[in-house]
Amino acid sequence: MTERQRKLLDLLKHKDWMSTKDIAWSLKCSERTVRTELRLLEQLPGVMIETSRGKGVRLIENRHVDIPETEDRDSRIKHELVQLLFDELDSFQTAERTFYVSEATVKQDMDEVERLLTGHGLTFNRRTFRVEGEELVKRELLTQQLVHARFNWAHSQDVQLIEAFLLQWEHRVGKQYADSAAELLQARLLVTLKRVRRRSYVDLSPIGYEMAEATNGYSLLCELVEYIERGLGLSIPAVERAYMMLALAGAQEFIPSEDRVTTELARTTNRFALAVIGTIYGGVLQRELFQSLLAHVRPMVYRQLIKAHVDNPLLDQIKRRFTATYAAVLRHASILEEELDLYVTEAEVGFLTLHFQTMLEERRRVEKKRILLVCTYGMGTSKLIAARLKNHFHDTVEIVGFSSSRDVDNQVAIHAPDLILSTVNLKQDLVPVHVVSAVLTEQDVAHLRQTFGLGGVSHATIASLIEHIVFVDSVLSRGHALSLLMEQVNIDPTYAETVYARERTGPTSIGQSVAIPHGNPEHATTNRIDVLVSNEPIEWGQEKIQLVFLLQFRDSDATFSSHLFEEIAALTENPTLVRKLIGTKDDTAFRKLLLP
Numbered sequence: 001m002t003e004r005q006r007k008l009l010d011l012l013k014h015k016d017w018m019s020t021k022d023i024a025w026s027l028k029c030s031e032r033t034v035r036t037e038l039r040l041l042e043q044l045p046g047v048m049i050e051t052s053r054g055k056g057v058r059l060i061e062n063r064h065v066d067i068p069e070t071e072d073r074d075s076r077i078k079h080e081l082v083q084l085l086f087d088e089l090d091s092f093q094t095a096e097r098t099f100y101v102s103e104a105t106v107k108q109d110m111d112e113v114e115r116l117l118t119g120h121g122l123t124f125n126r127r128t129f130r131v132e133g134e135e136l137v138k139r140e141l142l143t144q145q146l147v148h149a150r151f152n153w154a155h156s157q158d159v160q161l162i163e164a165f166l167l168q169w170e171h172r173v174g175k176q177y178a179d180s181a182a183e184l185l186q187a188r189l190l191v192t193l194k195r196v197r198r199r200s201y202v203d204l205s206p207i208g209y210e211m212a213e214a215t216n217g218y219s220l221l222c223e224l225v226e227y228i229e230r231g232l233g234l235s236i237p238a239v240e241r242a243y244m245m246l247a248l249a250g251a252q253e254f255i256p257s258e259d260r261v262t263t264e265l266a267r268t269t270n271r272f273a274l275a276v277i278g279t280i281y282g283g284v285l286q287r288e289l290f291q292s293l294l295a296h297v298r299p300m301v302y303r304q305l306i307k308a309h310v311d312n313p314l315l316d317q318i319k320r321r322f323t324a325t326y327a328a329v330l331r332h333a334s335i336l337e338e339e340l341d342l343y344v345t346e347a348e349v350g351f352l353t354l355h356f357q358t359m360l361e362e363r364r365r366v367e368k369k370r371i372l373l374v375c376t377y378g379m380g381t382s383k384l385i386a387a388r389l390k391n392h393f394h395d396t397v398e399i400v401g402f403s404s405s406r407d408v409d410n411q412v413a414i415h416a417p418d419l420i421l422s423t424v425n426l427k428q429d430l431v432p433v434h435v436v437s438a439v440l441t442e443q444d445v446a447h448l449r450q451t452f453g454l455g456g457v458s459h460a461t462i463a464s465l466i467e468h469i470v471f472v473d474s475v476l477s478r479g480h481a482l483s484l485l486m487e488q489v490n491i492d493p494t495y496a497e498t499v500y501a502r503e504r505t506g507p508t509s510i511g512q513s514v515a516i517p518h519g520n521p522e523h524a525t526t527n528r529i530d531v532l533v534s535n536e537p538i539e540w541g542q543e544k545i546q547l548v549f550l551l552q553f554r555d556s557d558a559t560f561s562s563h564l565f566e567e568i569a570a571l572t573e574n575p576t577l578v579r580k581l582i583g584t585k586d587d588t589a590f591r592k593l594l595l596p
């Protein structure tokens, strides 16, 4: 396609009817040249241009993919995948003509397309040149491929209608979607229009219908959909309206108003929240946390009903920074999965972790230790100790003041500290005194962690629960690793199946080469940990793992669970220890490292 032809198509894309005279003026060429270019464009596959005396010309459809000669193979395969999913390629020959490649190249491309489709549970039938599988899955794959597409795939009239529809929806419900959510939602709705035109309708479950109609926004949706129907001259059936409602409700954490679905989800969300809280620190479920969790779980359920997925760009950071909380949410996600009949992806576990972590940060802010620093070596040393304290304990401590040993009583009266840290022995009856080195050694830090109730460097809980340690050179896969470990340590078959089920919903890796596979606590027969150590890294989702801690416990004691997950988090924050554990060759050496 020439540059002038591209400009001509771009003109028609943004206009309704245009005269050849206006086109010629815009392109700075003669009307005869315009008519010639129009004839050539009409010969391209996927391009339909209408000509009417007295009106001019207009673009009816443009499904032609203009592939620059320098485009890489990955981009071409993406285009081929999209056109196959839209049923716009019907043979190898059509693909050759559309993408200007040889038959051999198309066959190689289709091998890769088939691999991509298989990974999403879809099948490519080479005989019919059709993608076979669930319509909901096709749409989600299309949406993810097209949300940031740089080629024209939607008709300009559709784009204008959907943009107007979303603006009107936001205006009527009184809230705006985030930019990323709006982009994804627009792509999803544009895909819906193209599929509806081909009468390729989704198949929703009865609960999907029920939940869509239960939202108070459903009547508003039906009202606004009528504008789309009139604008496009097509009928959008009830099942597609329900799909659109679930897409709108699942795109962000707001619903126009409270709906009946909230009552159905509240009990499960409450149970899940209490289980996680019991694991990470104990205590009561605050109303603010419950409301924020419900606001996330509700859209998550809507998304699951239409097989829509969200990415979590912060996932790796969440795993590294909030390991204990992430591990606790991952462990108890089965409550949501079993009672709400959904699966909680790694991305969703990450988002849920942030809700609990916010609560923990608030709690720590309220409960932080107020410390008065007493140093006989001057302000420079005092500032060094303060900096090291902040580096090790972050927001769990607050330095309320600095003092000389002679002025301690006066400073205590002014600042009312919880603890005095001093480089010399002091006599102070009102406030506990903890003597530290002027450079705050690692031993000082370990003692302070115990004083603050944050636990020390020992991993005694993990060590006490380990029953078996299996050492291997390498394994073929995540499934092979689990199978090998559970067979060698005689895991109960019922519990083993729940471990596999958990892994099928999402990998249990938590960073730093560590994974914590686990099953349903209701099927646990004992409290124990079994370990697999691999010399070679194991593909575990998107990460590589060498330490596998298979968790199994039925104990509901909150203190026990809290200590275990604190130790797991501390382990992932100590890469040196992890490397040493991976390098061990026998049980005794492994256990000794956990009990320094």
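Counting along the sequence shown from 1, when you hit position 91 you're at 91 in UniProt numbering, and nothing is skipped either side.
Heads up, the beta-carbon is just placed ideally off N, CA and C, and yes, glycines get one too.
When the Cα atoms are used, what is the spatial distance from residue i to residue j?
i: Leu-234; j: Arg-197; result: 8 Å
i: Tyr-377; j: Leu-564; result: 40 Å
i: Gln-93; j: Glu-103; result: 7 Å
i: Leu-384; j: Val-412; result: 21 Å
i: Lys-28; j: Glu-3; result: 13 Å
i: Pro-206; j: Ile-236; result: 19 Å
i: Thr-584; j: Thr-381; result: 40 Å
i: Thr-269; j: Leu-336; result: 7 Å
i: Ala-212; j: Leu-221; result: 10 Å
i: His-148; j: Leu-117; result: 19 Å
i: Ala-249; j: Glu-183; result: 15 Å
i: Leu-12; j: Arg-139; result: 28 Å
i: Leu-289; j: Leu-166; result: 30 Å
i: Asp-10; j: Tyr-302; result: 37 Å
i: Thr-508; j: Ser-75; result: 32 Å
i: Val-173; j: Tyr-218; result: 12 Å
i: Leu-547; j: Glu-163; result: 49 Å
In its own chain, which residues sit with a C-beta less than 7 Å from the C-beta of residue i, not counting the 5 before and 5 after it?
i: Met-379; result: Phe-402
i: Asp-443; result: This sequence places Gln at residue 443; Asp is not what is there. Excluding sequence neighbours, Gln-443 sits near nothing in its chain.
i: Lys-368; result: Asp-395, Thr-396, Val-397 and Glu-398
i: Gln-357; result: Phe-322 and Thr-325
i: Val-433; result: Ile-420, Ser-422 and Leu-426
i: Glu-339; result: Thr-268
i: Asp-16; result: Arg-58
Give the secondary structure of residue i by DSSP, where H, G and I count as helix, E and B as strand, and everything else as coil.
i: Phe-402; result: strand
i: Trp-17; result: coil
i: Phe-452; result: coil
i: Pro-537; result: strand
i: Ala-413; result: helix
i: Leu-593; result: helix
i: Leu-122; result: coil
i: Ile-516; result: coil
i: Ile-255; result: Model confidence at Ile-255 stands at a pLDDT of 48, short of 50, so the residue's coordinates are unreliable and nothing is read from them.
i: Val-82; result: helix
i: Arg-199; result: coil
i: Leu-428; result: At residue 428 the sequence reads Gln, which differs from the Leu that was named. Three-state result, Gln-428: coil.
i: Phe-129; result: coil
i: Leu-116; result: helix
i: Glu-213; result: helix
i: Gln-542; result: coil
i: Gln-552; result: strand
i: Leu-306; result: This sequence places Ile at residue 306; Leu is not what is there. Coil, per DSSP.
i: His-392; result: helix
Given residue i, which residues of its chain have a CB within under 6 Å of its CB, disregarding the five upstream and five downstream residues?
i: Glu-567; result: His-459, Thr-461 and Ile-462
i: Asp-587; result: Ile-469
i: Asn-535; result: Asp-473
i: Arg-331; result: His-518
i: Leu-440; result: Ile-385 and Arg-388
i: Asn-520; result: Ser-334 and Thr-498
Note down, in chain order, each residue of its chain lying with its Cβ closer than 8 Å to the Cβ of residue i, except the 5 sequence neighbours on either side.
i: Glu-135; result: Arg-195, Ser-200, Tyr-201, Val-202 and Asp-203
i: Leu-294; result: Thr-262, Leu-265, Ala-266 and Thr-269
i: Ala-327; result: Ile-510, Ile-516, Phe-565, Ile-568 and Ala-569
i: residue 602; result: Since the first residue shown for the chain is 1 and the last is 596, residue 602 is missing from the structure and cannot be characterised.
i: Met-18; result: Leu-11, Leu-12, Gly-56, Val-57 and Arg-58
i: Ala-24; result: Ser-30, Glu-31, Thr-33 and Val-34
Nearest chain B C-beta to residue i closer than 7 Å, yes or no?
i: Pro-517; result: The structure shown contains no chain B; it is built from a single protein chain.
Query raised in the report: How do the segment 492 to 499 and the segment 469 to 476 stand: do at least 3 beta-carbon pairs fall below 8 Å, yes or no?
Result: no
Requested in this report: Inspect the CB distances between the segment 546 to 554 and the segment 518 to 534 and report whether three or more fall short of 8 Å.
Outcome: yes
Query raised in the report: Along the chain, which unbroken stretches of the alpha helix (DSSP H) at least 4 residues long are found entirely within the UniProt domain "HTH deoR-type" (1 to 57)?
Result: 3 to 13, 20 to 27 and 31 to 42
Query raised in the report: What runs of the alpha helix (DSSP H), each 4 residues or longer, lie entirely inside the segment 333 to 370?
Result: Look at the segment 333 to 370 and you find these whole runs of alpha helix (DSSP H), each 4 residues long or longer: 346 to 367.
Query raised in the report: What residue ranges within the segment 124 to 195 form continuous alpha helix (DSSP H) runs of no fewer than 4 residues, ordered along the chain?
Result: 135 to 146 and 156 to 173
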